[in-house]
Every structure is written in C-alpha cells, then in structure tokens.
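**Student:**
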DNA sequence: TCTAGATAAATCGCATACGATATAATCGCG
DNA sequence: CGCGATTATATCGTATGCGATTTATCTAGA
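Residue numbers (the numbering used here), protein chains in the order written: chain C, 107 to 249; chain L, 107 to 249.
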C-alpha cells in the first residue's frame, strides 16, 4: 500500500512551492519579471559583480539554467555579463541602472506576499529556517 | 534595501522543493520515473479511475501539464486514458498491470527519502501540515 | 616547461509548468 | 426544445530546470 500524495512531505513541498510561485506571479508580472528572474535580480542587488557560479551557488541553480535566463535579462537591459579580466573563465554579473531601479520597485513584494500567507513574521522565519535545514541536509551548498 | 534570497521564505521553499526533487531523482531513476510521474502513479494507485481534472485537483496541476505527461506514461504502458461513456468530456485514468507493478516497486521510496532528511516522522508530519496550510491559504483546491 | 586534469560557462535535449486559446460536450434558462 | 454559457481536455508558446556534453581557460605536477 502506498501513501497518497496529500500525505507525503515531498508533495506538500512541491505544491506549496508552486502555490508560492503562483502567489508571486501577479505581484511580479506588472514589473515584467518571472519568479526566478526576481530571485536573480534580488541577489545581484545585494551583491554586485558575482560570477555565474557564485549566483548559482546562492540560488542552487546550474549554469545550464542561469545562462539562458541571464541572457534574457541582459536583453531586457537589466544585467550586464562581462568576462573577468584576470580569470577569463568567469562571467561577472552586474545590474544596470534599469536593473537597480527595477530591484527598488520590487522591494515591497515580499511584504505583500507575507501578508497573503496569514502567517506571523516569526512563523515565516521559523518555516524558512526549517526548510533551509532540510535543503542543506539534502543538498549542501559548496563551501 | 531588499532582502537577499537566503533570507526569504519563498526562496527557502523554492530551493527546498528542488532539493527534494533532486533527492528523489536517484531513487526514481532506476524505475524509469520522473518525480511528477511518480506523484501521478501514486495518486492513481490509491484511487483508480480518476478524471484528468480529479488528478489535477489533487496534484494542483492543470490539463496543459497533465495531458502531455499522461500521454508519455501511456506510451510507457503504465496508464490507460479512456473517455467516460456517460460524459464524454471526461478522460478516465487507470493503471495497467505494469503501472500497478511499478507503483508497488515505488512503495519504499518515501521511507528511503524520510531517512535521508534526518527528521523524525513527527517532524516530517508537522512540516507537511504547515506547508499544506500555507498552500491552501494561497491557492485553495476546488471543493 | 608542458601537458593532464580541473574548473567555468555554454549548448543540447527533454520534461515539467503555466497563460492563453481552441475544441468538443454538457448544462441551464427562457 | 434550442442556444448561449459552462466545463473538460487539448494545443501552443515560453520559461524554467537538469543531465550530459562541449569549449575555453586555468592549475599543478613530472
């Protein structure tokens, strides 16, 4: 006898992640951003000049996902991609002025989302930390 | 100033869901299953004869996602898709003998995963329930 | 020094996901 | 009864994600 999906942690995670994605979409669509692009923009707004693999390590994504996404964001005029002059294997990422402006416009999005969840800020922080522990146990980030 | 992704609940969920997906992959690959296909198989093993929208309501997926996936699973010989004779808009889904055999082989997968998480069964159940509440608050299933 | 191995991005193919739309079947209201 | 609205799938286009591979660059050891 097998467990049905509603009884499985993996499915709860899978479906909750999609629900969060869907909840963010209407907040991000007016900005022209997809949800993963929003994460990239936010990461670069905090730390400029990251390489593709720095960003991938933070977001747990591979170059095969990031490269096409970054090219789309470059085409939108939000991001620049330049080879590192010292180590030419690295591609350094920076936000343009438009990128920074967009990140500023997106600042309020997490708060709007937090309100939609109906959870307190403490509950949100606790859940976030439990999930981070689970994730890092399953798939540690590079040191 | 914006929050960085590691501080955001949405990112914790996003990345934990991907980590779970990645942890399931090596368990499912020997069976020839992808992770969403595993959820479909499990759902049909518990309740046979569901329509596409029944299944979509349980898994929170739309026909535009399910139809191609179900066709692939039909091509593998695991699932049959037949129009309901009473209401011909409905497509009824059933597992074949191979489908049932595969579901039986997959029974041990959640336990193997649970061990990988390092969480107790109570912790897993609690986390699952919190995530289900969050999901249903953001995107309720049809009644 | 010079090359074998490691590393960083990029490319390719495939499987989700979803918004928008199309099509077919059924329902409901006058 | 008849037709517009609704419902259930399916189709199309686009954006992730990832496994496997490729290319370019760098590093380390004989």
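Yeah, the Cβ is synthetic: ideal placement off N, Cα and C, and Gly gets one too.
State the DSSP-derived secondary structure class of residue 244 of chain C, mapped to helix, strand or coil.
**Tutor:** It is helical.
**Student:** Does the beta-carbon of residue 250 of chain L have 16 or more other beta-carbons within 10 angstroms, so that it is buried, or is it exposed?
**Tutor:** Here chain L has residues from 107 to 249 only, and residue 250 of chain L is not among them.
**Student:** Give a yes or no on whether 8 Å exceeds the smallest Cβ distance from residue 249 of chain L to chain C.
**Tutor:** The predicted position of residue 249 of chain L is uncertain, since its pLDDT is 47 and thus under 50; a value taken from the coordinates is nonetheless stated next. No, because no Cβ of chain C sits closer than 8 Å to the Cβ of residue 249 of chain L.
**Student:** Give the interface partners of residue 218 of chain C over in chain L, defined as CB-CB distance under 9 Å, in chain order.
**Tutor:** Near residue 218 of chain C there are no residues of chain L at all, since even the closest Cβ is about 11 Å away, more than 9 Å.
**Student:** Using beta carbons (cut-off 8 Å, strictly below), is residue 206 of chain C in contact with chain L?
**Tutor:** Taking Cβ atoms only, chain L never reaches closer than 8 Å to residue 206 of chain C, which makes this a no.
**Student:** Quick check: the Cα distance between residue 135 of chain L and residue 129 of chain C, rounded to an integer number of angstroms?
**Tutor:** Answer to the nearest angstrom: the Cα atoms are 31 Å apart.
**Student:** Between which two residues does the beta strand (DSSP E) carrying residue 223 of chain L extend?
**Tutor:** Where residue 223 of chain L is concerned, there is no enclosing beta strand (DSSP E), although the alpha helix (DSSP H) it sits in stretches over 215–223.
**Student:** Can you confirm whether residue 152 of chain C, when its beta carbon is compared against all beta carbons of chain L, has any partner nearer than 8 Å?
**Tutor:** At least one chain L Cβ lies under 8 Å of residue 152 of chain C.
**Student:** Could you tell me the distance, in whole angstroms, from the CA atom of residue 183 of chain C to the CA atom of residue 204 of chain C?
**Tutor:** Between residue 183 of chain C and residue 204 of chain C, the C-alpha separation is close to 7 Å.
**Student:** Exposed or buried, which one is residue 143 of chain C when buried takes at least 16 other CB atoms within 10 Å?
**Tutor:** With 16 or more Cβ atoms within 10 Å of its Cβ, residue 143 of chain C is classed as buried.
**Student:** Determine whether the beta carbon atoms of residue 122 of chain C and residue 172 of chain L lie at a separation below 8 Å.
**Tutor:** Cβ distance not < 8 Å, so residue 122 of chain C and residue 172 of chain L don't count as in contact.
**Student:** Can you give the Cα-Cα distance for residue 139 of chain L and residue 209 of chain L, rounded to whole angstroms?
**Tutor:** Those two C-alpha atoms are separated by around 10 Å.
**Student:** Given that a residue counts as buried once 16 or more other Cβ atoms are within 10 Å of its Cβ, and exposed if not, what is residue 238 of chain L?
**Tutor:** When all chains shown are included, residue 238 of chain L counts as buried.
**Student:** Quick one: what's got a C-beta closer than 7 Å to residue 113 of chain C's C-beta in the same chain, skipping five residues either side?
**Tutor:** Excluding positions up to five away in sequence, the list is empty.
**Student:** Going by CA-CA distance only, name the one from L:168, L:242, L:147 and L:115 that's closest to residue 185 of chain L.
**Tutor:** Checked all of L:168, L:242, L:147 and L:115; the closest Cα to residue 185 of chain L is L:147.
**Student:** For residue 192 of chain C, does the three-state DSSP call read helix, strand or coil?
**Tutor:** In this structure, residue 192 of chain C counts as coil in the three-state DSSP scheme.
**Student:** Taking CB distances under 8 Å as the criterion, tell me whether residue 226 of chain L reaches chain C.
**Tutor:** Closer than 8 Å: no.
**Student:** To the nearest angstrom, report how far apart residue 154 of chain L and residue 200 of chain L are at their CA atoms.
**Tutor:** Roughly 5 Å separates the two Cα atoms.
**Student:** Under a three-way DSSP split, which group does residue 167 of chain L fall into?
**Tutor:** Looking at residue 167 of chain L - three-state DSSP - the assignment turns out to be coil, as it is neither helix nor strand.
**Student:** Can you confirm whether residue 145 of chain C, when its beta carbon is compared against all beta carbons of chain L, has any partner nearer than 8 Å?
**Tutor:** By this cut-off, residue 145 of chain C is an interface position.
**Student:** Is residue 233 of chain C near residue 236 of chain L, with beta carbons less than 8 Å apart?
**Tutor:** Cβ distance < 8 Å, so residue 233 of chain C and residue 236 of chain L count as in contact.
**Student:** Where residue 230 of chain L and residue 220 of chain L are concerned, what is the direct C-alpha to C-alpha distance, given to the nearest angstrom?
**Tutor:** Cα-Cα distance, rounded: 8 Å.
**Student:** What's the gap between the Cα of residue 151 of chain C and the Cα of residue 212 of chain L?
**Tutor:** In a straight line, the C-alpha of residue 151 of chain C is about 43 Å away from that of residue 212 of chain L.
**Student:** Name the two residues that bound the continuous alpha helix (DSSP H) containing residue 133 of chain L.
**Tutor:** Its alpha helix (DSSP H) spans residues 115–134.
**Student:** Under a Cβ-count criterion, where at least 16 other Cβ atoms within 10 Å of its own Cβ denotes burial, should residue 132 of chain L be classed as buried or exposed?
**Tutor:** When all chains shown are included, residue 132 of chain L counts as exposed.
**Student:** So what does residue 198 of chain C bridge to, in DSSP terms?
**Tutor:** DSSP lists C:157 and C:188 as partners of residue 198 of chain C.
**Student:** State the DSSP-derived secondary structure class of residue 183 of chain C, mapped to helix, strand or coil.
**Tutor:** The answer is coil: DSSP assigns residue 183 of chain C none of H, G, I, E or B.
**Student:** Using a C-beta to C-beta distance shorter than 8 Å, which residues of chain C count as neighbours of residue 128 of chain L?
**Tutor:** Residues of chain C passing the Cβ test: 244 and 245.
**Student:** Express the C-alpha separation of residue 242 of chain C and residue 249 of chain C in angstroms, rounding to a whole number.
**Tutor:** Residue placement at residue 249 of chain C is flagged as unreliable, the pLDDT there being 48, under the threshold of 50; the coordinate-derived value follows with that caveat. Approximately 12 Å, taken between the alpha carbons.
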